[in-house]
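Residue numbers (the working numbering): -16 to 273.
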Amino acid sequence: MPPPRERFRALPKWYRLRQSLEAKQSGEHIDAIARQDDKEELSVEEKTETHQSALWENVKVIIQALLLALVIRTVFFQPFTIPSGSMMPTLLVGDYIFVNKFAYGYSKYSLPFSPDLFSGRIFASEPKRGDIVVFRFPPNPDIDYIKRVVGLPGDRIQVRNGVLHVNDKPVDRVPDGTFRADDKYDTGGDVPVYREKMDTGVSYDTLDQFPDSSGDNTREFLVPEGHYFMMGDNRDNSSDSRFDVGFVPAENLVGRASMIFFSLGNGTSFLKIWNWPANLRYDRLFKVVE
């Protein structure tokens, strides 16, 4: 008996070819999608790496800037602000000054946190009479003071009737007008100003508010070796070597005041920028300290 007739015939050749082509194209399309996905993944990774690289570059720039600022502050110039009126009329409350750190060499107090790495000074040079110096307060070296050098090692210093004497010789002193502060040190009136001139040729103004004050007549001080005698220009309102400061060791010197780079009057806070225009002392900007 002949076999039953097949219900379905084999697919035509052209149909099989079309299916094969479609399958091939479908496979290529899937490969293309996979490759696109890989590219997108790679693109995300590249973007992440680029972002991280940019972030690290910014961090490096900040670190380098901080290190540079630290080097400048330690070796060359350090900014300070004047908090009291002891150096009026030369320096006023609200003055911001640069202090020359290499003027007298370096000690442990030249470094941040004052590490006890060495004693004395390296690359040392001696201050001159009349220099305005920032130094560490001998009884408490964590505190910075600023005064004028009036006595060198071996000098004999005494104040008689308000006149400074160095080695028994009176320092030249002549009237030079009056002064009135624009802050909490305003006495309500004008204060007499006297111009002093050292034998080094340095001259500067001092205030003499109260005749016969406790600092106007002192005993004679003999400045020890390796130490200096400091006084404020505001002679009747200065804690200095006549009183609790005493003789200042050379090691305690931080640097010489060199320039006023900014100044705000009337007790204006540095942070209140909106008050700057009305209280900025324009005539004191970038003024050399003498």
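For every residue, glycine included, the Cβ atom is placed at its ideal position computed from N, Cα and C.
For the segment 115 to 183, the continuous beta strand (DSSP E) assignments of 3+ residues that do not extend past its boundaries occur at 115 to 119, 127 to 134, 139 to 143, 146 to 149, 155 to 162 and 174 to 180, in sequence order.
Between the beta-carbon of V132 and that of M71 there is about 18 Å, and that puts the pair past the 8 Å contact cut. Following the DSSP letters along the chain, one finds N262 inside the alpha helix (DSSP H) bounded by residues W259 to N262. Nearest C-alpha to P194 among Y177, F253 and M181: Y177. Bounds of the beta strand (DSSP E) holding I80 are D78 to N83. Pairing T170 with R163, the inter-Cα distance amounts to about 7 Å. Contact check for L74 against I243 passes: the beta carbons are separated by less than 9 Å.
Here the alpha carbons of L205 and K270 stand approximately 34 Å from one another. According to the DSSP assignment, G238 belongs to the beta strand (DSSP E) that extends over L236 to S246.
By the Cβ-count criterion, N150 is exposed, with fewer than 16 other Cβ atoms from all chains shown falling within 10 Å of its own Cβ. The segment 204 to 238 is shown to contain no whole alpha helix (DSSP H) run of 4 or more residues.
Look at the beta carbons and you see the segment 196 to 204 not touching the segment 77 to 97: under three pairs across the two are nearer than 8 Å. Here S102 is exposed. Its C-beta has fewer than 16 other C-beta atoms within 10 Å.
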